[in-house]
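J.: Respectively, the protein sequence lines represent chains A and B.
The first sequence begins at 1 in the working numbering and counts up by one.
The second sequence begins at 216 in the working numbering and counts up by one.
Every residue, glycine too, gets a C-beta built ideally from N, C-alpha and C.
Please find one structure pasted underneath; my questions will follow.
Protein chains: 2
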Amino acid sequence: MGRKAAAPLAGRTGRPPGFARTDAVDAAMNLFWKKGFRAVSASDLADAMSIQRSSFYNSFGSREQVFREALQRYAGQTPDAPLYRVRPGEAVVPILVSVLRDICRVRAADPGARGCLVCNGIAELVGVEKTIGPLLEDAMANMAGAVERLLRQAVQRKELTLPTDAATAAKSFVAFLIGLNTISKVVRSERQLWAMCRPFLRGLGVPGEALGARA
Amino acid sequence: MGRKAAAPLAGRTGRPPGFARTDAVDAAMNLFWKKGFRAVSASDLADAMSIQRSSFYNSFGSREQVFREALQRYAGQTPDAPLYRVRPGEAVVPILVSVLRDICRVRAADPGARGCLVCNGIAELVGVEKTIGPLLEDAMANMAGAVERLLRQAVQRKELTLPTDAATAAKSFVAFLIGLNTISKVVRSERQLWAMCRPFLRGLGVPGEALGARA
DNA sequence: ATCGTTCTGGACATATCTGTCCAGAACCTG
DNA sequence: CAGGTTCTGGACAGATATGTCCAGAACGAT
């Protein structure tokens, strides 16, 4: 098996790993994403990483640990990432809309129809898996918090009129996102998915004109 | 182990089962519901049913088969069942509202915080498990179909004004239901869950007055 | 080139799961 | 109560998972 360029770590001695950790975590992420956490064994992971099972245990220690790392890596590529990067004073509604659009686009474009790694994980692991469940709960709470701030900002800027308090509306938004991501495993048309978002946005008080514009 | 009353099957000869099949399926359902399909082994099922593993294989054949029966049993107790029982001419909005309320109530009251068996299954199995995945897809499609008919009826009766076609609005409703059920594993307050429904109902065009009334 | 360190391949012991099989117990029928 | 049928307990073989261990290969540093 040919050596793959390992990151040329600075003052490190000894034999370097025969694989790039980043690539390995990516492979793990894709596997977890496709099959779910419980359906993936340590052997599966080692295979996907093209390394020996012992090297896997040596480098990662456990399935849980890799999943944690995969989750972080996933956070860097998920279509809802922009929700966490809105600055005070910035327009909010276009962001909300474009995030929804991106979700529809990305999920429909995924040939594996895998939905969202975090949403799948919540359904599968929260309340069941002691180490990872709480992690996913946190991820969800973070998102709800971020959306809540966004909605406050939007109301303050008079971009929309909420039918409830911001915290509740934010949780409602998150719930819809989870549902949308989940159903995207079955509803495979981007157009259809996006059309499904319209009722919800209307409920949030987003004016109809905001829906046509690309962000 | 004391014999449990088996169903007194009519002209049946031979030794009767030492357990009631219905109870056994219920036990299986609760286990699947709590831990997910993959996390439950044949031994777990046999234990939950208080029978021998061989008796389990003898009576059910496979995990998949029990899951199928558990699903049917679940269908008889799920809070969204009323969606399938609306008659032509009947008022629709009160049903939609009360179903949502019931979901909030039932999910919050479940001490196991298990969410919805079908929704969990969709996230875990669709696109992964060959025999059960399609089953769950069907369940979802059925629901979307039922809701679509309901929405048409509601529009015809001028109970609400949809922002899109009925088929899309129905899928949107289903997506929200999935999200609501899933998030109910984390958001444990009935009141909070119900409040989260308000934005979505507004988006569907349900007038605010309809939300206060109990069904 | 040699030394010290780190990674790799492969093996080991243990645990759990799966599906099947059968002798004997339990039961209904006549 | 005898005969036929069906269920139960327990065992079996094969597959797969887990976590650990170590001899030796591969490499950076000197």
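(1) From A/Ala-7 to A/Ser-59, what does the alpha carbon distance come to, in whole angstroms?
(2) Any idea what DSSP makes of B/Phe-252, helix, strand or coil?
(3) Tell me the residue span of the alpha helix (DSSP H) that contains B/Ile-266.
(4) Does the beta carbon of A/Leu-96 come closer than 8 Å to any beta carbon on chain B?
(5) At a CB distance below 7 Å, what residues from the stretch 333 to 360 of chain B approach chain A? Give them in sequence order.
(6) Could you give the DSSP three-state label for B/Thr-379: helix, strand or coil?
(7) Can you find a C-beta in chain B that's less than 8 Å from the C-beta of A/Gly-203?
(8) Tell me whether B/Glu-405 sits in a helix, a strand or coil according to DSSP, three-state version.
(9) Report yes or no: do the stretch 114 to 128 of chain A and the stretch 27 to 41 of chain A share at least 3 C-beta pairs separated by less than 8 Å?
(10) Alpha carbons only, please: which of B/Glu-374, B/Gly-291, B/Leu-408, B/Arg-300 is nearest the one belonging to B/Glu-424?
(11) Please report how far the alpha carbon of A/Ile-103 lies from the alpha carbon of B/Gly-276, in whole angstroms.
(12) Does the contact criterion of 3 or more C-beta pairs under 8 Å hold for the stretch 365 to 381 of chain B versus the stretch 300 to 308 of chain B?
(13) State yes or no: is the beta carbon of A/Met-196 nearer than 8 Å to at least one beta carbon in chain B?
(14) Quick one, which of A/Asp-110, A/Thr-13, A/Leu-96, A/Ala-109 has its alpha-carbon nearest A/Leu-151's?
(15) Taking 8 Å as the cut-off, decide whether the C-beta atoms of B/Leu-408 and B/Leu-395 are in contact.
(16) Figure out for me which residue from A/Thr-22, A/Ser-55, A/Leu-71 has the closest Cα to the Cα of A/Asp-138.
(17) The stretch 9 to 42 of chain A: which residues have C-beta closer than 8 Å to a C-beta of chain B, in chain order?
(18) Which word fits B/Arg-417, buried or exposed, when buried means at least 16 other C-beta atoms lie within 10 angstroms of its C-beta?
(19) For a contact defined as C-beta to C-beta under 9 Å, what are the partners of B/Phe-431 on chain A?
(20) Comparing alpha-carbon positions, which option in B/Leu-392, B/Ala-369, B/Gly-233, B/Phe-391 lies nearest B/Ala-381?
(21) From A/Tyr-74, A/Thr-22, A/Gly-18, A/Gly-112, pick the residue whose C-alpha is nearest to that of A/Arg-136; which is it?
(22) Taking Cβ positions, are B/Gly-330 and B/Lys-400 nearer each other than 8 Å?
(23) What number of angstroms, rounded off, separates the C-alpha of A/Ala-81 from the C-alpha of A/Asp-44?
(24) For B/Asp-295, which three-state DSSP category applies?
(25) Spatial neighbours of A/Gln-65 within its chain, please: CB distance less than 7 Å, with the 5 preceding and 5 following residues excluded, ordered by chain position.
(26) Is the distance from the Cβ of B/Leu-340 to the Cβ of B/Gly-348 below 8 Å?
(27) Could you tell me the distance, in whole angstroms, from the CA atom of A/Val-147 to the CA atom of A/Pro-79?
(28) State buried or exposed for A/Ala-24, treating a residue as buried only when at least 16 other CB atoms are found within 10 Å of its CB.
(29) Ignore the nearest five residues each way along the sequence and tell me which others in B/Val-402's own chain have a CB closer than 7 Å to its CB.
T.: So, from the data block:
(1) One-based indexing of the first sequence puts residue 7 of chain A at position 7. One-based indexing of the first sequence puts residue 59 of chain A at position 59. Because A/Ala-7 sits at a pLDDT of 40, beneath the cut-off of 50, its placement in the model cannot be relied upon, and the following sentence gives the value as read from the coordinates. Straight-line Cα distance between these residues: approximately 14 Å.
(2) Here residue 252 of chain B refers to the residue found at position 37 when the second sequence is read from its first residue. Here B/Phe-252 sits in coil by DSSP.
(3) For the purposes of this step, residue 266 of chain B is identified with residue 51 of the second sequence, where counting begins at 1. First-last for B/Ile-266: undefined, no H or E at that position.
(4) On the first sequence, residue 96 of chain A is found 96 positions in, with the first residue counted as 1. It does not: the Cβ of A/Leu-96 has no partner Cβ on chain B nearer than 8 Å.
(5) Cys-334, Asn-335, Ile-337, Ala-338, Glu-339, Val-341, Gly-342, Val-343, Glu-352, Met-355
(6) Taking the second sequence and counting its residues from 1, the one referred to as residue 379 of chain B is at position 164. B/Thr-379: coil per DSSP, three-state reduction.
(7) In the first sequence, counting from the first residue as 1, residue 203 of chain A sits at position 203. A/Gly-203 counts as touching chain B.
(8) Sequence index remark: in the second sequence, residue 405 of chain B carries index 190 (1-based). Three-state DSSP puts B/Glu-405 in a helix.
(9) yes
(10) On the second sequence, residue 424 of chain B is found 209 positions in, with the first residue counted as 1. Closest option to B/Glu-424, Cα to Cα, is B/Glu-374.
(11) By one-based count along the first sequence, residue 103 of chain A stands at place 103. By one-based count along the second sequence, residue 276 of chain B stands at place 61. About 41 Å.
(12) yes
(13) Within the first sequence, numbered from 1, the residue matching residue 196 of chain A stands at position 196. Yes, because at least one Cβ of chain B sits closer than 8 Å to the Cβ of A/Met-196.
(14) Locating residue 151 of chain A in the first sequence gives position 151, counting from the first residue. Looking at the Cα atoms, A/Leu-96 is the closest of the given residues.
(15) Your numbering for residue 408 of chain B matches position 193 in the second sequence. Your numbering for residue 395 of chain B matches position 180 in the second sequence. Yes, the pair counts as a contact, with Cβ atoms nearer than the cut-off.
(16) Start at 1 with the first residue of the first sequence, and residue 138 of chain A comes out as number 138. Taking only the C-alpha atoms, the option nearest A/Asp-138 is A/Leu-71.
(17) Lys-34, Lys-35, Gly-36, Arg-38, Ala-39
(18) As a working note, residue 417 of chain B is residue 202 in the second sequence. The residue in question, B/Arg-417, is buried, as its Cβ has 16 or more Cβ neighbours within 10 Å.
(19) Since the first residue of chain B shown is 216 and the last is 430, residue 431 of chain B is not available in this structure.
(20) Within the second sequence, the letter at position 166 stands for residue 381 of chain B. Of the candidates B/Leu-392, B/Ala-369, B/Gly-233, B/Phe-391, the one whose C-alpha sits nearest the C-alpha of B/Ala-381 is B/Ala-369.
(21) As a working note, residue 136 of chain A is residue 136 in the first sequence. At residue 136 of chain A the sequence reads Leu, which differs from the Arg that was named. Taking only the C-alpha atoms, the option nearest A/Leu-136 is A/Tyr-74.
(22) Counted from its first residue, the second sequence places residue 330 of chain B at position 115. Counted from its first residue, the second sequence places residue 400 of chain B at position 185. Result yes, Cβ atoms of B/Gly-330 and B/Lys-400 sit closer than 8 Å.
(23) The sequence position of residue 81 of chain A within the first sequence is 81, counting from 1. The sequence position of residue 44 of chain A within the first sequence is 44, counting from 1. Rounded to the nearest angstrom, the two C-alpha atoms are 29 Å apart.
(24) Looking up residue 295 of chain B in the second sequence gives position 80. DSSP places B/Asp-295 in coil when its eight states are reduced to three.
(25) Numbered from its first residue, the first sequence carries residue 65 of chain A at position 65. None.
(26) Locating residue 340 of chain B in the second sequence gives position 125, where the first residue counts as 1. Locating residue 348 of chain B in the second sequence gives position 133, where the first residue counts as 1. In this structure, B/Gly-348 lies closer than 8 Å to B/Leu-340 by Cβ.
(27) Mapped onto the first sequence, residue 147 of chain A falls at position 147. Mapped onto the first sequence, residue 79 of chain A falls at position 79. Looking at the two C-alpha atoms, the distance is approximately 14 Å.
(28) One-based indexing of the first sequence puts residue 24 of chain A at position 24. By the 10 Å Cβ count, A/Ala-24 comes out buried.
(29) Numbered from 1 along the second sequence, position 187 holds the residue referred to as residue 402 of chain B. The answer, listed in chain order, is Leu-408.
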